[in-house]
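Asks:
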Amino acid sequence: MPRVSLLGVPACLAGWLVLGLLVAGGTAPTPPDAVVEGFALGLPRGVLTVFTWPTLLPVVAAVLLAVAVTALRRGRPEVAALAVLAPALAITVNTFLSKPLFDRWYDEHLAYPSGHTVSLVTAVTVLAAATAGRVRTVVLAVGAVLTALAAVGMAGLGYHYVTDVVGGAAFAVAVTTAVWWALNRFPGDRPGVSAGPSPRRRGPGRSAG
């Protein structure tokens, strides 16, 4: 089983909390929000819309479903569980606890942290957990670019401030990492995952591949 570190979780939660407290109860953009929004408003609306596509629920759900199915076929039930549990927990807690807690509004909707960003970054973090080495590096790099573009798109379309995106990303990474740690904490407690080496058998054995 992979070793999962929780070192990044407190930092992400601290960023989510501190930034949330700074914008709590407000409606006005911060200076960074105004800068990004000013830049985004100069881009064509069609381009801004494309930038937001990776945050759409059907896209995120399709990616997570592909991860879960592939993980099950490769004998990695903990990854499949992560692809289901992490987004369910992150999106639910963000919607019913995090947003009302900070009470930041954009027009007529609660905005901090961005739920679209939570969905996207949770999927990226799940993909990162499912991969390793150079592939993981590519996943993280592409995920960072997609998140940045989504921030510009949502700012230009009037959905969110960039600080909503930053808070959503921090929250998603923290929750997904914590779920991944929990799933790997006691591997022997899950069906199909052995806590130790299997006894040797004589004769032809079954492939573990």
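The opening position of the sequence shown corresponds to residue 5 in the numbering used here, with each subsequent residue numbered one higher.
Even glycine gets a Cβ: it sits at the ideal position worked out from N, Cα and C.
Straight-line CA distance for residue 34 to residue 78?
Replies: Taking the straight line joining both Cα atoms gives about 46 Å.
Asks: Please state whether DSSP places residue 113 in a helix, a strand or coil.
Replies: In the structure shown, residue 113 sits in a strand (DSSP, three-state: E or B).
Asks: Distance, Cα to Cα, residue 127 vs residue 64?
Replies: Answer to the nearest angstrom: the Cα atoms are 6 Å apart.
Asks: Grouping DSSP H, G and I as helix and E and B as strand, with all else coil, what is residue 48?
Replies: Three-state DSSP puts residue 48 in coil, outside helix and strand.
Asks: Output yes or no for whether 7 Å exceeds the beta carbon distance between residue 180 and residue 129.
Replies: Contact: yes.
Asks: Could you tell me whether the segment 101-118 touches the segment 16-27, using the rule of 3 or more Cβ pairs below 8 Å?
Replies: Yes, they touch.
Asks: DSSP state of residue 214, grouped into three classes?
Replies: Past the boundaries of the shown model lies residue 214; the chain is included only from 5 to 213, so the question cannot be answered.
Asks: Specify the secondary structure class of residue 33 as computed by DSSP and reduced to three states.
Replies: Three-state result, residue 33: coil.
Asks: Measuring alpha carbon to alpha carbon, tell me which residue in 140, 60 and 124 is nearest residue 90.
Replies: Measuring from the Cα of residue 90, the nearest candidate turns out to be 124.
Asks: Quick check: the Cα distance between residue 111 and residue 87, rounded to an integer number of angstroms?
Replies: Their backbone Cα atoms lie some 32 Å apart in a straight line.
Asks: Kindly give me the distance between the Cβ atoms of residue 36 and residue 167, rounded to whole angstroms, as I take these residues to be in contact under 8 Å.
Replies: The Cβ separation is near 7 Å, so the contact holds.
Asks: Pull up the CB-CB distance for residue 31 and residue 158, whole angstroms please, since I reckon it's below 8 Å.
Replies: In fact, because the Cβ distance is near 16 Å, the residues do not count as touching under 8 Å.
Asks: Go to residue 164, then tell me how far its alpha helix (DSSP H) extends in each direction, as first and last residue.
Replies: Where residue 164 is concerned, there is no enclosing alpha helix (DSSP H), given that its DSSP letter is neither H nor E.
Asks: Given a cut-off of 7 Å on the beta-carbon distance, is the pair residue 85 and residue 187 in contact?
Replies: Result yes, Cβ atoms of residue 85 and residue 187 sit closer than 7 Å.
Asks: If we require 4 or more residues per run, which alpha helix (DSSP H) segments fall completely within the segment 54-128?
Replies: Here the runs fully enclosed are 61-77, 81-97 and 103-106.
Asks: Using only alpha-carbon positions, find the residue among 61, 43, 102 and 15 that is nearest to residue 28.
Replies: If we check each option's Cα against that of residue 28, 102 comes out closest.
Asks: From residue 69 to residue 83, what distance separates their C-alpha atoms?
Replies: Cα to Cα, residue 69 sits roughly 11 Å from residue 83.
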